[in-house]
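>
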């Protein structure tokens, strides 16, 4: 094998490479992590329009701060290795030291990654169970915030290609727009009449799939008045890209007035409306296909 | 050469007659019409006994199935089964031909199949890439402007399906088929005809997916969610048949790979001496052999729902859309590791060569590959965290998803420690491998946000998740795919590729890739949903930036294609047998590899990573038995 | 320097006369894996069965009148199982060198399997419900249809093994002409040495797979007819 000059010089290179990398990494991480947490954290999505949204911002901040040292380690390592151990043209085919293993490094790596991973999973579970984080939880939710019995119920109905809403606490009226009172705990019952949609109120940190025949529950506590965009986040056919609306969080008094107005509007059509139900099955004979 | 004294240069027209691609296409078209009219004439009336059969759907489905059968018949795939039916005994190989013609036939030489795969998959990869360019053209403006809404969804769907369907075999098809027998010291794959079959089924599938545009396209994207699937146009059937055929191809490819590696290793090639690439192929093949049948079944159910009016996925009739989501992702998550794992293996295979050091932590690396392969079965519901399926199981899926980063981390530490104190050469394949670390790191770290349920509420279904899987799949698989091309094509063709052009391609692609997908993380964080043709006005600058970068990325791939074809067809610089000074056995063979691979089956006495450990031991020790075969 | 691994100029001759053990082992491992793939395939139906049953969406899992006919199902499954049993017995004969008895049992197994398929085809039209009648009906027709396809494929396999035994029943030690199965009249030697010796591994693999599939059929019978 003439192409294999094997002139490794074991032990010739005694520079403290490992120590250099670790020190550089520690310095960079200690500087970068707080900076990321302080400056990047607050601008992470989805914002502070709801309690759930704020929770996600905290969550995203913690995750970003956790991955920063990991990123720094790889960055420092590769910058060091790729510059320091670059082959000189003359000795390009010289073999390096035949290091095949090192138990200490293996064990350390496995332990550290495991600890990081388990803490991330534990933290995520903790955050999730606090208030459901605004995600759809299915018909029998587990992450139920305190006082769920007294929440305002809003049913979100997806159909191609629009959202409508029913307020069972106000006679099951159906509305074309979503209005929520400020500083109120809301339980969203998301369902669909045809295909899968996904109700996404980005600014509020709420996303829940709308499935036919399923009552998908998500919790939300609004903060101060504002408007927010609602989009469909699950491909639902031709006009999926146009399935968006603007929703509103309004002061309590304004909400009461709006509801009254909607009840008046609904009075004339109430007898044509299906009874409020947690899910609806449209006429089964009218199938596509 | 062959001692047969037959006329090796018959006239062209004579050579076109017989079982080959041309006959396959002719019979394929014929079979299509037979299926179409047969369905109307015979099959549909008899099936209508059972109720409400959709004649148009049934005709189209049977037409395509007839087309596939005709195509395979024309290629000659029916000859051997019919001979067996008449009682002729087993045989391994079809009649071997020489020359360019064998690339257009059913050829049982694993090296020919590998090269067929390379060009076939390359073709569909570029078609998928063109679709991506169209998507980015549409997204230059926030409102919908270039394509009709349905066309846009079809483009999105074809791009996704083409990439996910074709590139699943992107490494195992070309490179594992070509290299695994060489690396394990064998002369063939375990089932040479099935090997060829996987390729031609895949080609038929790709064509079927393209023809969806004649049937109204399909609106569901590559996931084909129900019940949108049921109400879609006939173009949906093309998607279903495409993916089902891909699933069949994957299953057979996976089984063939496993059997080859398990039963056909040469003497001395113990499990701890197996090249890490073979381990990567093995762990991928396990997923293919077991997950792809789930895909085939799921899509068959979808087809039943469309054609014979079953109700698997119709909630009002006792079905459930959740059933589809569950079944699809039971396949779908192993699927994404089918895409990622070969990339891990290629990186670990090449680093020792270009760092001139043994692979560090061989057993840890193997554990990593197998660990990912195993864990990928237990994470599927993280794709549907907000769907309302099993809300109480989300902490479990969050944990299992995050656990998978531990074996993935094994790959990282093994790769990093292999580089440590090495003598690193920056060749083109090495650059692509190093880019893998960068891309997969970003892909993996962004995955943390998607695996975490609270954070996933916002990132799910947004451009963030889209950027995430492009970093892992394009950054992980496609970059290593190119590493493999630059590394092994000189061996496969005997033609050396230019390092200078390769490095231009690399830097162009690497920068354009990151410029395309890094801003998508921000776009997703800012709330732009996937697959929607409209977006907020405030996001136009970022989207335009991404589109322009995507065009640059597309051009870098065109640059590659042009230089690649130019070098293979015109420059033809002969390659040395071992251009990278590798110790792996395939580089000890002549370039290109002779049809029989080895004069004698080699005998292994070490793994191929003994850099710095003295001269490589001989594979043909004097006085050793001739080996099996 | 050892001798080179391969010289560029050799033709296909070196590929000939491979020892059959290699292919035999490949068949065995390949069959195990194929059985694994088959299991995952049918797991989808198992999952669909229990999933849709537990959801019972719109009360349409099993509307009134949708009940699979137990006699039909029992006959079908009994035929499948009997066929698999006869293959097992035939394999035992083959192992013991009683080739004639194996062929007799083989043809019986083939007939039983095909009869099962015919009864299944007739049975579908005697169920009193169609595929559109709710969740159970969907699972019923999907599962039995695919079982039909898989059994049909297995019968093809059984036929090939049987046909080879039959065609070369008088050729105990000799060789069939090379290249017959490959359609290659110019071939001068077999690519596998003594390909007739592969009947045994083929039969073993078949027997394993057919038993496995019959097991799935029994599972289907329990769930679709009895439960």
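Protein chains in written order, with our numbering: chain A, 111 to 399; chain B, -18 to 610; chain C, -18 to 208.
Just so you know, even glycine gets a beta-carbon here, dropped at the ideal spot from N, CA and C.
Source: prediction; values computed, not measured.
1. Measuring alpha carbon to alpha carbon, tell me which residue in 177(B), 111(B), 48(B) is nearest residue 88(B).
2. Beta-carbon of residue 297(B) versus every beta-carbon of chain C: anything under 9 Å?
3. When the Cα atoms are used, what is the spatial distance from residue 208(B) to residue 138(A)?
4. Is residue 405(A) close to chain C, meaning its C-beta is less than 9 Å from at least one C-beta of that chain?
5. 9 Å is my cut-off, CB to CB: does residue 117(B) come that close to chain C?
6. Are the C-beta of residue 399(A) and some C-beta of chain B separated by less than 9 Å?
7. Check the Cβ-Cβ distances between residue 115(A) and every residue of chain C, and say whether any is below 9 Å.
8. I want to verify the contact list: residues of chain B whose CB lies under 9 Å from the CB of residue 173(C), in sequence order.
9. Using a Cβ-Cβ cut-off of 9 Å, state whether residue 185(C) counts as contacting chain B.
10. Quick one: what's residue 328(A) bridged to in DSSP?
11. Under three-state DSSP, which class holds residue 357(A)?
12. Going by DSSP, what residue range makes up the alpha helix (DSSP H) through residue 514(B)?
13. Closer than 7 Å by beta-carbon distance: list the chain A residues that pair up with residue 118(C), in chain order.
14. How far does the beta strand (DSSP E) with residue 290(A) in it extend, from its first residue to its last?
15. Given residue 197(C), which residues of its chain have a CB within under 6 Å of its CB, disregarding the five upstream and five downstream residues?
16. If the cut is a Cβ gap below 7 Å, which residues of chain B does residue 142(A) touch?
17. Can you tell which of 183(B), -8(B), 296(B), 591(B) has its C-alpha closest to the C-alpha of residue 150(B)?
18. Measuring straight from C-alpha to C-alpha, what distance separates residue 66(C) and residue 45(B)?
19. Leaving out the 5 sequence neighbours to the left and right, which residues in its chain are closer than 7 Å to residue 173(A) when beta-carbon positions are compared?
20. To the nearest angstrom, how far is it from the Cα of residue 418(B) to the Cα of residue 188(A)?
21. For the beta strand (DSSP E) holding residue 272(A), just list the boundary residues, first then last.
22. So which residues on chain C does residue 323(A) lean against when the C-beta distance must stay under 7 Å?
23. Does DSSP put residue -13(B) in a helix, in a strand, or in coil?
24. Buried or exposed for residue -5(B), going by 16 or more other Cβ atoms inside 10 Å?
25. Determine, for residue 188(A), whether the minimum Cβ-Cβ distance to residues of chain B falls below 9 Å.
26. Answer yes or no: does any C-beta atom of chain A fall closer than 9 Å to that of residue 373(B)?
27. How would you call residue 213(A), buried or exposed, if buried means at least 16 neighbouring beta carbons within 10 angstroms?
28. Counting only the same chain and skipping the five closest in sequence on each side, list residues whose C-beta sits under 7 Å from that of residue 328(A).
29. When Cβ atoms are compared, which residues of the region 375 to 389 of chain A fall closer than 7 Å to chain B?
30. Between the C-alpha atoms of residue 360(A) and residue 293(A), what's the straight-line distance to the nearest angstrom?
31. Sort 593(B), 578(B), 384(B) by Cα distance to residue -15(C) and report the nearest one.
32. Given this structure, state the Cα-to-Cα distance separating residue 58(C) from residue 52(C), to the nearest angstrom.
33. For residue 83(C), which residues of its own chain have a beta-carbon under 6 Å away from its beta-carbon, when the five flanking residues on both sides are left out?
34. In or out: residue 218(B) buried (at least 16 other Cβ within 10 Å) or exposed?
35. Going along chain B, which residues have a C-beta under 7 Å from residue 10(C)?
36. For residue 183(A), count the other beta carbons within 10 Å of its own beta carbon; 16 or more makes it buried, fewer makes it exposed. Which is it?
Straight from the coordinates:
1. 177(B)
2. yes
3. 51 Å
4. Only positions 111 to 399 of chain A appear in this structure, which leaves residue 405(A) out of reach.
5. no
6. Legend: pLDDT at residue 399(A) = 35, less than 50; position of this residue unreliable, no value from coordinates given.
7. For residue 115(A), the predicted model reports a pLDDT of 46, less than 50, meaning its position is unreliable and no value from the coordinates is stated.
8. 70, 71, 72, 73
9. no
10. 298(A)
11. strand
12. Premise fails: residue 514(B) is in no alpha helix (DSSP H) and is neither H nor E.
13. Within 7 Å Cβ-Cβ: nothing; residue 118(C) doesn't reach chain A, min ~14 Å.
14. 289 to 291
15. 23
16. Correct list: empty, because the minimum Cβ distance to chain B is about 14 Å.
17. 183(B)
18. 37 Å
19. none
20. 9 Å
21. 272 to 277
22. 38, 39
23. Bear in mind that a pLDDT of 48 at residue -13(B), under 50, signals an unreliable position, so the number given afterwards is only what the model happens to contain. If DSSP states are grouped into helix, strand and coil, residue -13(B) belongs with coil.
24. exposed
25. yes
26. yes
27. exposed
28. 242, 244, 245, 246, 247, 298, 300, 316, 318
29. none
30. 9 Å
31. 578(B)
32. 10 Å
33. 71, 74, 75
34. buried
35. 240, 243, 244
36. buried
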